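A short write-up of the structure that comes next.
Chains as they are written, first to last, in our numbering: chain H, 354 to 1013; chain D, 118 to 285.
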C-alpha cells in the first residue's frame, strides 16, 4: 500500500512538474503576476511529492518488502539497517529517485529562499528547473520504475554488493548527486537570464551561493569516493582515472571554473560569456556523467547496443538540454554587453587563465573518457585510454595553474602589479625553497623532481597565508590593527584563503604519497617479523571471526617503532553471505607522517600467508585538503553578502533564515 | 632505462591534483617477484602500462584476476630472457592487440586523442585572449572619441553631485 502511494506520488510529481514548467514561464512571458506566483507553491509541492515517493521506497527497503522487484534484486533481510537504507540509492532505479528528489529540493530551496529575486527571473528559473524534473520523472516512470511488484515474492533478496556496504560509500552518492544536480540551478539561472536577456552582477550574486553549495557537495562526494577506494579496495590507490570517476571529476573541474568566473562577474561585471557558458556546460557534464554511469555504455558499447532503451532516453535528455542551452547561448551571447575592462595582469586576467586551464583540463578528461567509446562505435576498433594517458595530458595543465594560483588573489582588480605581488609572495617562495631543500635532504630515493612538487604544494599553502597577511596588512602598522582588519575581513575572503590552502595541502599529499610510497610483498608465517618505513611488524597469526552478514579470517600484526609498541593491526579477508563475494579489509595505522597499510593475502603452500605492507606518506593530506575545501565553501557561503540578496539595498534587512 | 622526458612527465603527473597513485603493485603475489630488483622494477613499470583484459579499467599490476597474473608472469619471463621494455610491450601487443595498452600508441586512429588536448588548449587560449583584449576598440591604449557638448554638460552635473557612500 505504502509502495503504491510512493508510485502515485511520483506520477503526481510529474504532473506538478509539467504544470510548473509551463504556467510560470507563460506568466513571465505575458507579465502576469498570478501565473508567475504559481511557481513557488508548485516547486514546494513537487518536492513534497518526490519526498513521499523516496520515503515510500525507503520504507520498502527498511521493512525488506521483497514483493517489490527493486528491493528483491538489491537488498537482503540480514543486511544492517544503515545498508538497507543506503541500498535505496545503491541501484539504478533508486539512485534516479534520489536524483530527482535532490533536483526538486534545489528548486524548492530557490522557491523558499529566493524572495529577493525579481519575479520574472524566479518564475523562469523554476520553470526551467521543472523541465529537468519532467524529463527525469518520465525517465524513471518509463524505463526505471522502482515501484514495480513481483508475483510471487521471493523468500529473500539478492543482497547488495558487499564492497558497497560501507559507511563512506553509504553517503557518497547523496553528496555526489547534490553536487551534480545542484549545478542544475546554475543552468536554470543561465537559461532564464538568456531568455530574459538580462545578465548583470546581481544575477551572478544570486547564482553564486547555489553553485558554491553544489561545488562543496561534489568536492566532498568525490573525496569520499576516493577515500573509500583507498581503504576498501585493498590496493591503497585512491584515484584510478576510471570513467566513472572521470564522470564526476569533469563537472567538478567545470564547476570550479564557473565558481571563479561568477566572482568576476559579480564584482566587475566581466566574463559574462564565460560564466553563462560554464553554467550550461557544467550541468551538461553532470548529465553526461549520469548518462555514462547509468546507461551501461561503459561496461561495453555492445551491452549498450543490446538494451539501449535507458541509454537512448538519457542521451535524448542530454541532447535536449545541452543542445537547447547552447543554441540559446549562441543566439543570445552576442547581445551580452561586455562589462568592465581590465588589463591582462589583473585579478580578472588571472581568473581568465584559471578558466582556460580548468576548462582545457576538463576537456582533456572528456576526450580521454569518450574516445574509446566513440572510436569503437564508429570503427569497431578497441583501444584503452588509462591512467598513463591522463597523467601525461592532465598533469602538465595543473603545473601552470598551481604556480599561478597564489598570484591571483593578490593581484588587484582591473590592473595589477605583478612585481609587487611577487614581492609579497617572497615569504611563500622562501618557505617553498626550504621545503625543496628539506625534501632533498630527507628523501634519498624517489623521482628527482618530486621535491619540486612538494615545494609547489608548500608555495600554494604559504601563498594562501600571504594572501591573508596581506589583506590584514600584517607587519604594517600595529598588530592590533592587523588583528582588527583580519577580524573584519569578509567571510568569502576567508573562504578563498582556506580553499587555496586546502589545494596546497592536497598537492603535498599527492606528491608525497605518489613519489615516496614504500611497499613490501612477502610470505609471513606466525611469529615472523619484518620492517618497513621504520616500523617493525610481528605477525601473530590468523583467527576466524563472524560478522552480521559475513565470515572472516583476521590476521593479527603487532606494530612497533623504535622498540616501543605502537598498535595492533587486524587486516581481514571476508566472505559475505549474500551475495557470496570475498572482500579484503586493510589494516591501517594512520599517523601524521603517513599511513601504515597492511593487507592479508591468501594462505600459501607450506604454511604462512601472503602479506602486503605499504607505507603511504602524507596520504591523508589529500582528504584533509578536500575537507578544508568543503569547509572553506561553507565559510564563504555564510558570508552575509551572499545570503542577503541584491547589492546596494541598505533598507532591506537580512531575511530571517531558519536554522537548517 | 627510463628517458628523461618520461621521468619529467611522471613528475608532472604526480603534480596533477588527482593523478593516479597506483604506482605500487597490489595484486603481485610474493612468488611472482623476481630476485633481481632492477628487473622487477622494470616489470612493474611495464605492468602499469598494460590493461587487464577481463577487468574494467585496471592495469595488470592492480588486478588480481588470473589472466592478469598470467600476463605479469609473461612480462617477467620476457624480461628475464633479455627483452627491452619496448620489446616486451611489442610482444604483448602482438598477442593481445592494441587494446591491452593503457597508453594508446600514436597512430592515425588515435590522432585526435593525442592532438585534442593541445588543440583545446590553443582554442581556450584564443578565447581567453579575446576576453582580455576585446575586439571593440575600447581596450587600453586607444583614445575614445571626444565627448559631445551634451555629454560634457551631463558630466559636469554628475561631478557636481555629492558622492554617494560606496556600498560593497
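We treat Cβ as the ideally placed atom computed from N, Cα and C, and that holds for glycine.
Being a predicted model, the structure only gives us computed values, none of them experimental.
Residues of the segment 165-187 of chain D that bring their beta carbon within less than 8 Å of a beta carbon in chain H comprise 165, 166, 168, 173, 174, 175, 176 and 179, in sequence order. Judged by pairs of C-beta atoms under 8 Å, the segment 429-449 of chain H does not touch the segment 379-394 of chain H, as fewer than three such pairs exist. If you compare the alpha carbons of H:672, H:740, H:934 and H:763 with that of residue 165 of chain D, the shortest gap goes to H:740. A residue is called buried when at least 16 other Cβ atoms come within 10 angstroms of its Cβ; residue 625 of chain H meets this threshold and is buried. Interface with chain D (9 Å Cβ-Cβ cutoff): residue 593 of chain H is included.
Looking at H:918, H:793 and H:784, the one whose alpha-carbon comes closest to that of residue 857 of chain H is H:784. Taking C-alpha positions only, residue 468 of chain H is separated from residue 407 of chain H by approximately 28 Å.
Legend: CB atoms of the segment 225-249 of chain D lying less than 7 Å from CB atoms of chain H belong to residues 226, 227, 230, 233, 234, 237, 238, 241, 242, 245, 248 and 249. Counting along the chain, no beta strand (DSSP E) covers residue 825 of chain H, and no H or E run does either. Taking all protein chains shown into account, residue 642 of chain H has 16 or more neighbouring C-beta atoms within 10 Å of its C-beta and is therefore buried. For residue 682 of chain H, the CB contacts under 7 Å within the same chain, skipping 5 residues up- and downstream, are 547, 629, 630 and 633 in chain order.
For secondary structure counted as the beta strand (DSSP E) over 3 or more consecutive residues, the segment 886-918 of chain H holds these complete runs in sequence order: 888-899 and 903-914.
Three or more pairs of CB atoms, one per stretch, sit closer than 8 Å, so the segment 388-406 of chain H contacts the segment 463-482 of chain H. The beta carbon of residue 453 of chain H sits closer than 8 Å to the beta carbons of 366, 403, 486, 489, 490 and 493 from its chain, once the five residues preceding and following it are set aside; these are given in chain order. Around residue 612 of chain H, the same chain offers 564, 565 and 568 as residues with beta carbons nearer than 7 Å, after the five sequence neighbours per side are excluded.
In this structure, DSSP gives residue 842 of chain H a state outside helix and strand, which the three-state scheme calls coil. Contact annotation for residue 210 of chain D against chain H: no contact, minimum CB-CB distance about 11 Å [criterion: below 9 Å]. Taking the Cα of residue 935 of chain H as reference, the smallest distance to any Cα among H:516, H:538, H:583 and H:506 is reached at H:516. In this structure, D:196 is the residue among D:218, D:169, D:182 and D:196 with its C-alpha nearest to the C-alpha of residue 154 of chain D. Cβ neighbours of residue 719 of chain H within its own chain (closer than 7 Å, five residues either side excluded): 603. Here DSSP, grouped into helix, strand and coil, assigns residue 962 of chain H to strand. Assignment of beta-bridge partners to residue 920 of chain H by DSSP yields H:912. Look at the beta carbons and you see the segment 770-782 of chain H not touching the segment 793-805 of chain H: under three pairs across the two are nearer than 8 Å. In the DSSP assignment, residue 872 of chain H is bridged to H:967. If you ignore the 5 residues before and after residue 679 of chain H, its C-beta comes within less than 7 Å of the C-beta of 633, all in its own chain and listed in chain order. The beta carbons of residue 417 of chain H and residue 511 of chain H sit about 12 Å from each other, so the pair does not count as a contact at 8 Å. Within the same chain, and ignoring the five residues on either side of residue 819 of chain H in sequence, the residues whose Cβ sits closer than 8 Å to its Cβ are 759, 763, 777, 778, 780 and 781. Bridge pairing for residue 940 of chain H: H:951 [DSSP]. Per DSSP, residue 579 of chain H is one residue of the alpha helix (DSSP H) stretching across 554-585.
C-alpha of residue 846 of chain H to C-alpha of residue 989 of chain H: approximately 7 Å in a straight line.
Using a 10 angstroms sphere on the CB of residue 905 of chain H, the tally of other CB atoms reaches 16 or more, which defines it as buried. In the pairwise beta carbon analysis, the segment 190-210 of chain D is classified as touching the segment 156-170 of chain D: at least three pairs are separated by under 8 Å. Residue H:590 holds the alpha-carbon nearest to the alpha-carbon of residue 180 of chain D among H:747, H:355, H:792 and H:590.
For the C-beta of residue 223 of chain D, not a single chain H residue is nearer than 7 Å; the gap to the nearest is close to 11 Å.
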